[in-house]
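The structure under discussion appears below in the form of structure tokens.
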Amino acid sequence: MLNRLFPRRKAQPKPLPQPNAQLALGALLVRVAFADRNYRASEIGQIDRILAQTFGLKPIEAAKLRATCEALERDAPGTPEFTRILREEVDYADRKALGEAMWQVALSDGARNDDEEIQLVAIETALGLSDDDMAAARANALNTL
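Residue numbers for the sequence shown follow the numbering used here, beginning at 429 and rising by one.
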């Protein structure tokens with residue numbers, strides 16, 4: 429009876445953090461993995477490895493960061509804001525490495541997918557990468573398969 433008189437309120441969701449370079453990178457990696465509408469364990473593992481290596485995180489910390497990035501990717505603004513943050517905060521050489529990391533995520537499930545590739549090219553272009561650097565990132569990722 430008390431439950432009907434005083435229903436429990438749903439917990440308010442935690443507000444999402446403001447995107448920074450770390451969160452923007454993670455959200456873009458998640459966005460690439462989601463592009464084919466299949467978010468596989470191999471892609472999740474690759475994202476965690478990239479986040480751990482890039483930011484010097486332990487596996488649990490990388491998984492927590494990825495979880496935050498998943499929520500951010502789902503509810504936050506689009507690719508242009510994330511890429512703007514990365515263009516402003518990350519030098520060109522590191523953005524090239526990000527392009528290659530995104531290709532590794534896209535190809536980590538062992539299959540090429542047009543939707544993922546289209547998303548990736550759009551992100552790389554928005555990151556300001558040259559056509560030659562984009563082609564090199566794709567070739568390097570394909571060679572690691």
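Beta carbons: idealized from backbone N, C-alpha and C, even for Gly.
{"query": "Whole-number beta carbon distance between Met530 and Val458, since they are thought to touch under 8 Å", "result": "Not a contact, Cβ separation roughly 10 Å."}
{"query": "Reduced DSSP secondary structure (H/G/I, E/B, other) of Leu485", "result": "coil"}
{"query": "Member of Lys524, Glu544, Ala569 whose CA lies at the smallest distance from the CA of Leu557", "result": "Lys524"}
{"query": "Secondary structure of Thr572, DSSP reduced to three states", "result": "coil"}
{"query": "Counted within 10 angstroms of its Cβ, other Cβ atoms place Ser470 as buried (16 or more) or exposed", "result": "exposed"}
{"query": "Option in Arg465, Ala504, Ile546, Asn466 with minimal Cα separation from Gly454", "result": "Ala504"}
{"query": "DSSP three-state assignment for Ala539, whether helix, strand or coil", "result": "coil"}
{"query": "C-beta atoms of Arg515 and Leu555 nearer than 8 Å", "result": "yes"}
{"query": "Inter-stretch contact (C-beta, 8 Å, three-pair minimum) for the stretch 478-492 and the stretch 536-555", "result": "no"}
{"query": "Backbone secondary structure at Asp476 - three-state DSSP", "result": "helix"}
{"query": "Secondary structure of Gly556, DSSP reduced to three states", "result": "coil"}
{"query": "Sub-8 Å separation of Ala567 and Leu548 beta-carbons", "result": "no"}
{"query": "Contact under 8 Å by Cβ, Leu479 with Ala490", "result": "yes"}
{"query": "Cutoff 6 Å; reference Asp464; Cβ partners in own chain excluding five residues on either side", "result": "Asn541, Asp543, Glu544"}
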